[in-house]
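Q: This structure is in C-alpha cells; I'll ask about it shortly.
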Amino acid sequence: MESSRLPEDKNLAYLPAFLATYVRFVESINFYIGRFAMYLIFLMLGILVYSSVTKTFFLPSLWTLEMAQFAMVAYYMLGGPYSMQLNSHVRMDLVYGNWSPRTKAMVDSFTVIFLIVYLVILLYGGISSTSYALEYGERSYSAWRPYMAPIKLIMCFSIFLMLLQATAVMLKDIAKLRAPKGMEDESEGGTQ
1176 MESSRLPEDK
1186 NLAYLPAFLA
1196 TYVRFVESIN
1206 FYIGRFAMYL
1216 IFLMLGILVY
1226 SSVTKTFFLP
1236 SLWTLEMAQF
1246 AMVAYYMLGG
1256 PYSMQLNSHV
1266 RMDLVYGNWS
1276 PRTKAMVDSF
1286 TVIFLIVYLV
1296 ILLYGGISST
1306 SYALEYGERS
1316 YSAWRPYMAP
1326 IKLIMCFSIF
1336 LMLLQATAVM
1346 LKDIAKLRAP
1356 KGMEDESEGG
1366 TQ
C-alpha cells in the first residue's frame, strides 16, 4: 500500500548536503502536488456526469467537454513529476530488469539527460505560447471560448516541476553510483 508520507532515500548521504537538500525539497513539492493532482480525476468525473445529466434532461452545456479536457490536462501534467518520483512510469523492461542497481543508475543518469534537454525545449516553447496567450487574450475556438492562459500556465508549471524532478532523479542516480558497492539502497530513487 502506498504511504501518504514521502520516503527517505538513504543514498542521499552520498551527495553534498546542498544537493541532498535540493532533492528532498523537489521531491516534497512534487509529492504533495502529485497527491493533490490525484483527486482531479474526481473533478473531471463530476464534470462529465453533470454533462451527461444535462444532455439527457435539460439543455446541454457548452463548457463541460472542454472543462473536462482542461481537468484531464491538469491531472496528468501535475501528476507526471509524482509518477516519475515513484518510478511508476512506463518503461521497456527487456534487459533493464536484469541489470544490477549500479548499472541501472549509470544508464538512467545518462539517459535522463535526454529527458532534461527535451523538457527545457518544451518549457521554452510553453513559455512562449503562454506569454502569447496572456498578451493577446488567446481564447479557444470552441463555442464556449475560454481563455487559454490558465491551462497553459498549469502546463508550464508542470513542465518546470518535471524538469526539477528529472534533475532530482539524476542526482539520486549519481548518489547511488557514489555509494560503496553493495551499499546502495535499491528501494528508493529513480532506479529500482
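Those letters in the sequence shown? Residues 1176 to 1367, per the numbering used here, in order.
Even glycine gets a Cβ: it sits at the ideal position worked out from N, Cα and C.
#1: Could you tell me which of Leu1234, Trp1274, Leu1261 sits nearest to Ser1203, measuring between CA atoms?
#2: List the endpoints of the continuous alpha helix (DSSP H) containing Gly1300.
#3: With DSSP collapsed to three states, give me the class of Arg1210.
#4: Does any C-beta atom of chain B lie closer than 8 Å to the C-beta of Gln1340?
#5: Do Met1219 and Thr1257 come within 8 Å of each other at the CB atom, strictly closer than that value?
#6: Buried or exposed for Ser1275, going by 16 or more other Cβ atoms inside 10 Å?
#7: Using beta-carbon positions only, say whether Thr1305 and Leu1339 come within less than 8 Å of one another.
#8: Take Met1176 and list the residues in its own chain whose beta-carbon comes closer than 6 Å to its own, dropping the five residues that flank it on each side.
#9: CA-CA distance, Ala1324 and Val1248?
A: Looking at the coordinates:
#1: Leu1261
#2: 1276 to 1311
#3: helix
#4: Judged by its chain identifiers, the structure shown contains no chain B, having just a single protein chain.
#5: What sits at residue 1257 in the sequence shown is Tyr, not Thr. Contact: no.
#6: exposed
#7: no
#8: Any reading at Met1176 needs caution, since the residue's pLDDT is 44, under 50, leaving its predicted position unreliable; the model's value is listed next. Nothing meets the Cβ criterion.
#9: 13 Å
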